[in-house]
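In UniProt numbering, the protein residues as written are 1 to 227.
Right, here's the structure in full:
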């Protein structure tokens, strides 16, 4: 049996009513289909129809909640269960299923890498024309999560590490900050200017706060508004 070009994944959004969701690809066994709801294995029992056909459907025992993301994708294990024997029967159905499984697994791998197109890939890839060592990996506007803290000078930096670096230049307490002046990172040192305090406490009861980027800049604000 031939294996047509098929996208081995389909996504839906639950509406709280629908229980049947179709998938437009062939399965050889029920174990080849992974069903998730909001990124986790489905907590709702389901049955699968259309095994061995070019398409099928998943029928949930109860409708997924409205707004939940339902993902159906073919996940063919890279394994072989058939064992051909000398002088044994070489049945067409058995051989076809064995070869079909290989192509289905390859389709799944091709989907992950966008069939070589970086703009469609679900993994980080260099551009087609990039030279290794001077190109750029394409994240396709996706976030990169679970990034470890940097160790070497050219490692990528996560938010926690960037925050720690910034805080190392900043004195503790409210109003702390840092600024780049004359090519150096300098702490912003908060202080209350007594002259301004005397002028503005009156009916407002709110002081003017001044912040100094030593020695070049003094910035003041009253009720959060620069003055």
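All C-beta atoms in this analysis are idealised placements derived from N, C-alpha and C, irrespective of residue type, glycine included.
Cβ-based burial, residue i [other Cβ within 10 Å; buried from 16]
i           : result
residue 70  : buried
residue 79  : exposed
residue 138 : buried
residue 14  : buried
residue 41  : exposed
residue 32  : buried
residue 27  : buried
residue 134 : exposed
residue 85  : exposed
For residue i: DSSP bridge partner residues
i           : result
residue 138 : 125
residue 9   : 73
residue 58  : 21, 48
Among the options, the one whose alpha carbon lies nearest that of residue i
i           : options           : result
residue 73  : 149, 151, 21, 87  : 21
residue 256 : 18, 11, 25        : Any property of residue 256 remains undetermined from this structure, which presents the chain solely from 1 to 227.
residue 122 : 143, 130, 105     : 143
residue 68  : 155, 95, 16       : 16
residue 97  : 126, 114, 127, 51 : 51
Unbroken alpha helix (DSSP H) run spanning residue i, endpoints
i           : result
residue 108 : 92 to 112
Between the CA atoms of residue j and residue i - distance to the nearest angstrom
i           : j           : result
residue 11  : residue 104 : 19 Å
residue 30  : residue 49  : 9 Å
residue 45  : residue 35  : 10 Å
residue 61  : residue 37  : 14 Å
residue 158 : residue 152 : 13 Å
residue 6   : residue 90  : 28 Å
residue 154 : residue 146 : 18 Å
Opening and closing residue of the beta strand (DSSP E) in which residue i lies
i          : result
residue 76 : That residue, residue 76, is in no beta strand (DSSP E); it is neither H nor E in DSSP.
residue 46 : 46 to 49
residue 33 : 33 to 37
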